[in-house]
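See structure below.
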Amino acid sequence: MATVELTMANFDEVTGGDGIVLVDFWADWCGPCKRFAPVYERSSEKHPDIVFGKVDTEAQQELGAKFDIRSIPTIMAIRDGVIVFAQPGALPESALENLIEQVEALDMDDVRKKLAEHPN
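Residue numbers (the UniProt record's numbering): 1 to 120.
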């Protein structure tokens, strides 16, 4: 599956539903982002059931600010509309696959229960 360009106009729609969405915050001038891009693309081909989104932080500065992105690349994992992971740094392919396995294995009822117990 090809990656999906995420913008302020479609971000909530793409990430707010059921299922897993991975988001790569990147910029064209970022060397680590460019090295990570083929890893992210290969992973998207292995997991057609997951949405792989990309946010160009230069073109979508509002999204970068909304999520307080201070370093790129930053990888975010969203499952059933809940952000379950966000970390700066390009991941090696094995670490990205491990992240996907962990997100797939989450008990989302438990995650929601813990979020309700600790409101921000």
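All residues carry an ideal CB built from backbone N, CA and C; glycine is no exception.
Short check: CB of residue i to CB of residue j, under 7 Å?
i, j, result
"F25", "T57", "yes"
"L106", "S43", "no"
"L115", "V55", "no"
Could you pull out every residue in the same chain whose Cβ sits closer than 7 Å to the Cβ of residue i, ignoring the five residues on either side in sequence?
i, result
"R35", "A90"
"A83", "For clarity, residue 83 is Ile in the given sequence; the question names Ala instead. Excluding residues within five positions, the ones whose Cβ falls inside 7 Å are M76."
If residue i and residue j are in contact, beta carbons under 8 Å, what's the gap, nearest whole angstrom?
i, j, result
"Q87", "M8", "About 23 Å; that fails the 8 Å criterion."
"I78", "V23", "7 Å"
"G16", "G81", "5 Å"
According to DSSP, what are the bridge partners of residue i?
i, result
"P38", "P38 is not bridged to any residue."
"I75", "D24 and Q87"
"K54", "E5 and D24"
Can you grab the Cα-Cα spacing for the pair residue i / residue j, in whole Å?
i, j, result
"V103", "I50", "11 Å"
"A27", "R70", "12 Å"
"G53", "V21", "7 Å"
"R112", "F85", "14 Å"
"P73", "W29", "11 Å"
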